[in-house]
Every structure is written in C-alpha cells, then in structure tokens.
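> Protein sequences, first through last, are from chains A and B. For the first sequence, my numbering gives the first residue as 79, with consecutive numbering after it. For the second sequence, my numbering gives the first residue as 79, with consecutive numbering after it. Where a beta carbon is used, it is the ideal one built from N, C-alpha and C, also for glycine.
Protein chains: 2
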Amino acid sequence: MSTQGSSEKKPPNHAGQPRQSSLAGLREVAVAAHVSTATVSRAINTPHLVSPKLRERIHQAIDQLGWVPDGTARALATKRSYTIGAVFPTLTHGDFARATTAIQQELQARGYTLLLACSDYDLEQEFQQIKKFIERGVDGLILVGENHHPDLDKLLARRSVPIINTFVYSPQTHGTCIGPDNRKLFFDMTRYLIEMGHVVFAIVAQSVQNNDRAEARLQGIQDALAEEGIAVRPQHFAIGQWSISEGRHLFRQVMATQPRPTAVICGNPYLAVGAYLESISMGLEVPQDVSIVGYDDIEVMNHLPVSLTTVRVQSEQVGRNAARYLMARLEDEAIDIPFQCDTEIVIRASSGPPSRKNNPASLSL
Amino acid sequence: MSTQGSSEKKPPNHAGQPRQSSLAGLREVAVAAHVSTATVSRAINTPHLVSPKLRERIHQAIDQLGWVPDGTARALATKRSYTIGAVFPTLTHGDFARATTAIQQELQARGYTLLLACSDYDLEQEFQQIKKFIERGVDGLILVGENHHPDLDKLLARRSVPIINTFVYSPQTHGTCIGPDNRKLFFDMTRYLIEMGHVVFAIVAQSVQNNDRAEARLQGIQDALAEEGIAVRPQHFAIGQWSISEGRHLFRQVMATQPRPTAVICGNPYLAVGAYLESISMGLEVPQDVSIVGYDDIEVMNHLPVSLTTVRVQSEQVGRNAARYLMARLEDEAIDIPFQCDTEIVIRASSGPPSRKNNPASLSL
DNA sequence: CCGCTTTGTGTAAACGGTTACAAATATAAA
DNA sequence: TTTATATTTGTAACCGTTTACACAAAGCGG
Chain A
79 MSTQGSSEKK PPNHAGQPRQ SSLAGLREVA VAAHVSTATV SRAINTPHLV
129 SPKLRERIHQ AIDQLGWVPD GTARALATKR SYTIGAVFPT LTHGDFARAT
179 TAIQQELQAR GYTLLLACSD YDLEQEFQQI KKFIERGVDG LILVGENHHP
229 DLDKLLARRS VPIINTFVYS PQTHGTCIGP DNRKLFFDMT RYLIEMGHVV
279 FAIVAQSVQN NDRAEARLQG IQDALAEEGI AVRPQHFAIG QWSISEGRHL
329 FRQVMATQPR PTAVICGNPY LAVGAYLESI SMGLEVPQDV SIVGYDDIEV
379 MNHLPVSLTT VRVQSEQVGR NAARYLMARL EDEAIDIPFQ CDTEIVIRAS
429 SGPPSRKNNP ASLSL
Chain B
79 MSTQGSSEKK PPNHAGQPRQ SSLAGLREVA VAAHVSTATV SRAINTPHLV
129 SPKLRERIHQ AIDQLGWVPD GTARALATKR SYTIGAVFPT LTHGDFARAT
179 TAIQQELQAR GYTLLLACSD YDLEQEFQQI KKFIERGVDG LILVGENHHP
229 DLDKLLARRS VPIINTFVYS PQTHGTCIGP DNRKLFFDMT RYLIEMGHVV
279 FAIVAQSVQN NDRAEARLQG IQDALAEEGI AVRPQHFAIG QWSISEGRHL
329 FRQVMATQPR PTAVICGNPY LAVGAYLESI SMGLEVPQDV SIVGYDDIEV
379 MNHLPVSLTT VRVQSEQVGR NAARYLMARL EDEAIDIPFQ CDTEIVIRAS
429 SGPPSRKNNP ASLSL
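Quick look at the structure:
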C-alpha cells in the first residue's frame, strides 16, 4: 500500500517563487499589524483578551487592507456556520412569505443567515433540500408541518442538527413545533357557524396531499360537526387547487347541489375570495343566502364589498419564535416562547345565521 | 518576537489517547474502502478518473457509513461555495416572492443553494446583508434595482463576486440587469390611456424612496404625458404606503379634487385594487366615471366585478434568468438570455374612454 | 526579592475536504 | 522485448480560520 519512501524533504512549495502575495487574509493582517494570527483572531472574536494597543493596531490594519474574514474557513474551524436552513412548501402564499421575512429578520439580528428552499409540497424534494442544507453545514432547520420523509430522523441524528416544525401545534408533540392548533382552529370556527344555526355545510379546500395542517383543519370541521350528528355530504366536499379561480369554480359546483349548503368553509383565503366573487356572479346574497368563511387573513378580505370572516394566524410570530427557539438552543440559552401561537377568528360580514327561506330543500339555481 | 525555540518535537496530539474515532468523514471512508482520501474525493467529484472497482467499493463504504460530505470544508478548499445570495426589498409582494421561488428552483437544479435576505428598501441594510453574504462566501449575488450603497463596488471588486441587478432594464446598463424597462412600461400604458382620450390623470403610487423601479415608472408616465403637453397636477399626485387600504384612501383623496381625474394610474396592484374597491364605496362606475389601471398582475385583479387593467411582468422569468446568468458566468459557459424581460399590458374592464359628462369641470362628489 | 497568580501573546495543530505532483501500473507502439 | 504513453492511485501540501497549550511579562502578598 505504501508507495513512496525515499523523497527526502523537498522544498514545500511547487516552484521556487513565493507566489505573489500568498499571504491569506488574516495572515496578511497579522504581519501588517506585527502580531500573530492568533491575536488577530482574538481581536475580532474576543476583543477583551487583547490589549487595547494591539487591538487598535489590528483594526487599523484590517480596514486599511479592507479585509473581510472568510466565513467558510471560520465555519470549518468552529463547526458552526451561523446559518439556518428553512424549507417551505411555497413562498407565494402570504403566510409563508410573512414567516420567512420574520425569520430572516430575527436571524439577521443575531448574525445568522438564512438558507431557503421551496419543496412545493413534495416530501422527497424536501428531504433532498434538507440534505443539501446539512451538507452546507446549517446549524439548524426550520420546516413546515410534522410530516416529513421517513429517513429524516436518521439523517438529522448523525449530525445532531436541531430542528423545529412550524405552522403546526399539537399538545402531543409540544416542544418540537410552533404554530396554531390547526384542528382546534377550524373546530372553533365550525362551532361558531353551528351556533349560528347552520346545518348544511360545504367545504372548499386545497388538497391535503402532504399537508398535515390542512388535513388537521378538515378534521377539526368534521369533529365539530360530528358532535352535532352532522356530516359533510360528499357532494358538498370540493377539493382543488389553490387559487381564486378554483374557488369560484368549486363554489359554483357545491352550490349547485341539493340540499344547498348554507355555510361554505374554505381552506385558504384565495378559495374564500373566489367563492365570494362567484357568489356575486351568481347573484347570491352573502351571508343571507350563504355564509362564506376562510382561513388566514389577507388584506383584500377586509375590503371586499362584503368583508370575509376568517381565521387569523400570526405567521410573523410563528417565524420569529421558530428562529428564536433555534438560536437559543444553539447558544444554550434558556428561552420561553409560546409554542402554540396566537390565532383569532375574525368575524366579518360574510357570515351570519342562515335565512329561513333556505331551509326547505327546494328551488332551482 | 520568536518566543520558544526548544520544544523538541512533542507528540502531535494533546493527550496520548487517539481521541475516539478522530477520523474525519472522508478519511474514515478512505480507510473503510482501503483507498486514499484523494481517491475518495475523486470518486465523488470526478468519477471517471476512478476505476469502477474502487468506485464501487467507495460508494459502498460511503453509504454504509452514511457519510455526508462537508460543504464547508469543500468550499474552503475549492473557493467555491455553490451558494448564491439574493437581497430583496421584501418578500410579501407577489412579484418578489415569485422571483425568489424561480431563483431557488433554478439554482437547486444545478446544485446551488440560495441565501436570502430582505432589505426592507433600506440601502444601508442591503449593504450590510451583502457584506454578510460575501463573508459567507457566496459565489454570486442577485439584487433588485440599480441603486445601491456607494461602497458596494469596492466591496465586490475585492472578491470579484459577480452580481446581477433584477427588475430593472435600461439599454445603458445592458448586461448588468434583468427585468422590464420600467419607464417604457408605464410610458406605453399612459399612451394607451391618452389615445383613449384621457386628459386629466392622477397617480396613486408607493414611495419612490430607494426604489428606482417605481421612480422610472413615474417618469414613464410623465414623459408620455409631456409629449402631449400634459402634466399631472399636484393635487392628483398621491404617494403613500403599499396596501389596499392606502389605495382606497388615496383614491378618494385624488377623486375629491378639481378637476376630477378621468384616469388613475396606480403604482402597484394593491393600490389598484384599493382604488377600485373605494370606487365602489363611492358609487362610481368604472370605467365610465374613472379608469383605473395598475402595475403587476395579481390574480384577484382578474376576478373583481370589474376586472382591472394592468401590466404583467414575468417575474418568474426575471428570477430564472438572473439565476441562469449567474451560474453561467460562474461556470464560464456561454449563455444567451434576454436581459429585457417580457411584459404585457393586460387590458381589462377597468379602463376605457372617458365619458362625455366628465369633461366639464363641475359637479360635487 | 521570591514564588504565585493573572494577563497577553505566540506557536502550531487542527477543521475536512481538494489537488499538484509523483509513483506505479496498464496499454500501445516499435 | 523495450520504450513511450495513458491511466490509476497515493502522498502531502494547501484552503483561511480557530484554539489548546506554552511561555513571558506584569502584578502582588509575604
């Protein structure tokens, strides 16, 4: 196996020439300030260990040379990259965009940098992205939901990268996730509608494929209804894409069935807006003819001719706390953040008691 | 200066114990596969230089040990991080979110990772974030606009980090920016309104503070109007925040002035939606009483009772091309992308010729 | 004035990969 | 067979920081 044995100490470098200015950054600063590299390093990272005189000289050298430390080398030496990876299903939904912004702000404030990827609701892709992040040496990970690739745990265990699941909360997994209790959210919303007298409910929602949050919300609706002995009829259950036009389409579809629903619960704000706009096209009165409620509060909901009842989730709070939590863990600080985030049912004009005339199952559209 | 001189070759490591499994990752794989570290490295990066037999053995060792290469170390050694930094003013506006998504997709497809920050339209903050990115060793940068911190060039020159400005295009700076020609965009839109017979124009827009794109668009309006000898009156010029409610407020404000505008050009989609929704509250007919046009196309604009005329910018295209451009430069590939991106004036129901009755400067609101 | 701590600084070995160069081996040409 | 050439593989020096350890100097109570 051992191949060569004779080479008797050749000059270390390739050719004889010292290779123009081969001094690396920190080293260069060190000679300029007539100190050792260790001292320069300390002057930046632990200034109190360096005498004021040298500190001064070093800083002078630094900005005289315009030196910017190499984070890569630092990361290698310290095994800390001050980098956090976040994988979101998408960025084009308001809540994730808001959370991302909050995360980035929070990280930045403490010197961390955000690595971002979008999995497009694909678990396999999410896994690959996480893997990449780990290769890149992220110190922590922010994910969405609790439903991940089966091999994830193994991967994380090896490097012991802390992780936090966002936009979910359940008492069982307390401490590993930050977000709303999705099930309870729609449970409460549904109760509100029940108490208002509604009996025939329709659901217009996005696919629950790889989306445990949406699934939990659906479950919340069904649980609340079940308590009253009510179930959502198949023809009142419409699943589709995430868009206004889809909302219009699905709303029209469920409203064309018998018995006609008096309350339509939408899985996201775009579907709700679509449903409402379609109700206008159909000449329906909201909420007299039908109540429409959504999930998540986007600004337009509050400004439509009939403002829309919805659930507000503090996405910024979710993002901020997730970031804080991770950083605290990394710095071994104690931290007390609420894992279950604030939510609020925002009751606006689009929901109300069903009108009498809708009770008899009759009438053509 | 030289302190010690005697130490006669002490054992290299601290205590005598070999420190449990001190073999670092790649080294560990190497011994497991009975090859040298160089060969392992080659097996991953340049497989064709390694005999199939060893390659096989190495890969076996790799996934038997579950090794994940350390990107930090790799980056240090190769001086390439396969990382791109992007600084956006915000993520909560649809166009930037879409562009970010496109960038990330494109980067991922070629093994790059995205670092993201939001400057909140603050040049100083942007500069700090860029600096941080450079410390982190990004291979390239994606920024928005052409207006950056004065020291930016110096900083970039030192490390020679390639950069691309997005969401802007002007012939003068061809090759350094990718986006729409913002000035021309609103120039054309204004011409369209002029040709329709409008004479009294109002502008409802966001602040142009550190926003050369918005500024260029305003200039486009003014240039087009100037050709006809028209100027926007001070009372028709409303600048504010970026929101629907602000759009409502500013719209009401400009509509309360004399002479009353027959066309309102909005600087972004939210302002346009707000303006339109306020027109409903005010009992105005769009476009008979007033034409409303916006910038950027968000879905709701096409679904409101009166759909809104706007300008569509291919933000995804901007993002994608920016990413491609950078990667091509980094890999020394030739690439032919359009620097000026596609745009389209989408004429919908909210714009039309001014009605006769609006001509006489009269009437109370 | 001497040992004893405290404080400040330097030396050099990591960190975990890549890669120039040399050596060994296989292949082709003569 | 011999020599020239191409192919594989190994050795060890980097990449630019940090940091354990050693040492010198300064401060101090006795």
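(1) Using a Cβ-Cβ cut-off of 7 Å (strictly less than) and excluding sequence neighbours within five positions of GLU324/B, which residues of its own chain qualify?
(2) When you compare only the Cα positions, how much space is there between LEU154/B and LEU154/A?
(3) Quick check: the stretch 211-229 of chain A against the stretch 154-170 of chain A, are there 3 or more CB pairs under 8 Å?
(4) Taking the alpha-carbon positions, what's the VAL146/B to ARG214/A distance?
(5) Measure from the C-beta of ILE358/A to each C-beta in chain B and report whether the shortest distance is under 8 Å.
(6) Quick check on this structure: which residue in THR335/B, ASP374/B and VAL332/B has the alpha carbon closest to the alpha carbon of ASN346/B?
(7) For GLN82/B, is the classification buried or exposed, using 16 other Cβ atoms within 10 angstroms of its Cβ as the cut-off for buried?
(8) In the DSSP assignment, what residue or residues form a beta bridge with ALA155/A?
(9) Which residues in chain B have a C-beta closer than 8 Å to the C-beta of ALA175/A? List them in chain order.
(10) Evaluate GLN182/B with the Cβ neighbour count: other Cβ atoms within 10 Å of its Cβ, from every protein chain shown; 16 or more gives buried, anything less gives exposed.
(11) Starting from the beta carbon of VAL146/A, find every residue of chain B whose beta carbon is closer than 9 Å, and list them in chain order.
(12) Under 7 Å between beta-carbons, which chain A residues line up against GLN182/B? List them in chain order, please.
(13) Out of curiosity, what's the CA-to-CA distance linking VAL222/B and THR421/B?
(14) Give the straight-line distance between the Cα atoms of VAL286/A and TYR247/A, rounded to the nearest whole angstrom.
(15) Using a Cβ-Cβ distance under 8 Å, would ARG326/A count as near chain B?
(16) Ordered along the chain, which non-local residues of its own chain (more than five positions away) have a Cβ less than 6 Å from that of ARG398/B?
(17) Check whether the stretch 237-245 of chain A touches the stretch 304-316 of chain A, taking contact to mean three or more Cβ pairs, one atom from each stretch, closer than 8 Å.
(18) Please identify the residue among GLU106/A, SER129/A and SER359/A whose C-alpha is closest to the C-alpha of GLN142/A.
(19) Are SER197/A and PRO228/A close, meaning C-beta to C-beta below 8 Å?
(20) Thinking C-alpha only, which one of ARG426/B, ALA412/B, ALA427/B and MET405/B is nearest ARG188/B?
(21) At a Cβ cut of 8 Å, what residues of the stretch 305-331 of chain B count as close to chain A, listed as they run along the chain?
(22) How many Å lie between SER99/B and THR156/B at the Cα?
(23) Is ALA153/B close to chain A, meaning its C-beta is less than 8 Å from at least one C-beta of that chain?
(24) Starting from THR335/A, find everything on chain B with Cβ-Cβ shorter than 9 Å and list it in chain order.
(25) Among GLN284/B, ILE425/B and VAL239/B, which residue has its Cα nearest to the Cα of PHE329/B?
(26) Against chain B, does SER99/A count as a neighbour if the rule is that its beta carbon must be under 8 Å from one of theirs?
(27) Roughly how many angstroms separate the alpha carbons of SER357/B and ALA280/A, rounded to a whole number?
(28) Beta strand (DSSP E) containing GLY163/B: first to last residue?
(29) With a CB to CB cut of under 6 Å and the five nearest residues on each side skipped, what residues in its chain are close to LEU104/A?
(30) Rounded to whole angstroms, how far is the Cβ of VAL454/B from the Cβ of PRO339/B, which I believe are closer than 8 Å?
(31) Give the single residue among PRO416/A, SER428/A, TYR354/A and GLY372/A whose Cα lies nearest to the Cα of PRO258/A.
(32) Am I right that LEU355/B and ARG326/B are in contact with their C-beta atoms under 8 Å? What's the rounded C-beta distance?
(33) Output the distance between the C-alpha atoms of GLN203/A and ALA139/B, rounded to the nearest integer angstrom.
Reading it off the structure:
(1) GLY318, LEU349 and GLY352
(2) The straight-line gap from Cα to Cα measures roughly 8 Å.
(3) yes
(4) 10 Å
(5) yes
(6) Out of THR335/B, ASP374/B and VAL332/B, ASP374/B has the C-alpha closest to the C-alpha of ASN346/B.
(7) Only weak support exists for where GLN82/B lies, its pLDDT of 33 falling under 50; the value from the coordinates is given anyway. So GLN82/B ends up on the exposed side.
(8) Bridge partners of ALA155/A: none, in fact.
(9) LEU169, THR170 and ALA175
(10) buried
(11) LYS209, ILE212, GLU213, LEU233, ARG236 and ARG237
(12) LEU194, ALA195 and CYS196
(13) 17 Å
(14) Spanning the two alpha carbons is a distance of roughly 17 Å.
(15) yes
(16) Cβ contact annotation for ARG398/B (same chain, cutoff 6 Å, sequence separation greater than five): ALA180 and GLU184, in chain order.
(17) Judged by Cβ distances under 8 Å, the stretch 237-245 of chain A makes no contact with the stretch 304-316 of chain A, as fewer than three pairs qualify.
(18) GLU106/A
(19) One thing to note: SER197/A has its Cβ no nearer than 8 Å to the Cβ of PRO228/A.
(20) MET405/B
(21) SER321, ILE322, SER323 and ARG326
(22) A caution first: SER99/B carries a pLDDT of 47, below 50, which makes its placement in the model unreliable, though a value can still be read off. C-alpha separation (whole angstroms): 26 Å.
(23) yes
(24) Near THR335/A there are no residues of chain B at all, since even the closest Cβ is about 23 Å away, more than 9 Å.
(25) Ranking the options by Cα distance to PHE329/B, first place goes to GLN284/B.
(26) In this prediction, SER99/A scores a pLDDT of 47, lower than 50, which makes its location untrustworthy; no coordinate-derived value is stated.
(27) 32 Å
(28) 161-166
(29) THR115 and VAL118
(30) As displayed, chain B neither begins before 79 nor continues past 443, which places residue 454/B out of reach and without an answer.
(31) PRO416/A
(32) Between ARG326/B and LEU355/B the Cβ distance is about 6 Å, and since that is below 8 Å, they are a contact.
(33) 25 Å
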